[in-house]
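Step one of this worksheet: look at the structure below.
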Amino acid sequence: MTHSPLAHALSEATRWILGRDFERFYVLDLKATATPQEHMGALEQTLQRMNAEQILILTDLFGGTPHNLALTQLDPGRVEVVSGANLPMLLALDGLRSEFENVADLAPAIAQKGRHAVVDASGTLKRHRHEFGTGEIPAIEP
525 MTHSPLAHAL
535 SEATRWILGR
545 DFERFYVLDL
555 KATATPQEHM
565 GALEQTLQRM
575 NAEQILILTD
585 LFGGTPHNLA
595 LTQLDPGRVE
605 VVSGANLPML
615 LALDGLRSEF
625 ENVADLAPAI
635 AQKGRHAVVD
645 ASGTLKRHRH
655 EFGTGEIPAI
665 EP
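Heads up: the sequence shown begins at 525 in the working numbering, then just goes up one per residue.
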């Protein structure tokens, strides 16, 4: 759930990289032209369509409208919310869902994957040049 059109863009990129649809994944872009009531209605409709016992809501920005609306649905152990959604999080989510029995454990694991994926590429390259004397780009461990 993001400011439009980020959720759809992340969904499309995930589909492109995985080469298939992302199972049990729902996208909700909040449009700037919609009212808060329309946003809430769209969120409630999406949650009803999901018909799931456990739900992880990813939002784009802590404190932003999508995040604040998602927090209205927070129900620890049943509905969890993680902000800062990025493409590496979604790719990790595809594999990690099967490793965790409950969403309360999945949420911090996904957040960690998202944090770990943010890399100062310029700084990494400079350190690599300094340490190894080469300008080659080093492999980054996920």
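Ideal Cβ positions, reconstructed from N, Cα and C, are used throughout, including at glycine.
Since the model is a prediction, treat every value here as computed from it, not as a measurement.
The Cβ-Cβ distance between L595 and L630 does not fall below 8 angstroms. Counting the other Cβ atoms within 10 Å of the Cβ of A576 gives fewer than 16, which makes it exposed. The DSSP-derived three-state label of E604 is strand. Non-local beta-carbon contacts of L617 in its own chain, meaning distances under 7 angstroms to residues more than five positions away in sequence, involve I634 in chain order.
Under a 10 Å Cβ-count criterion, A609 is classified as buried, with 16 or more other Cβ atoms of the shown protein chains found around its own Cβ. Check the Cα spacing between L611 and each of H591, E655, K637: the tightest is with K637.
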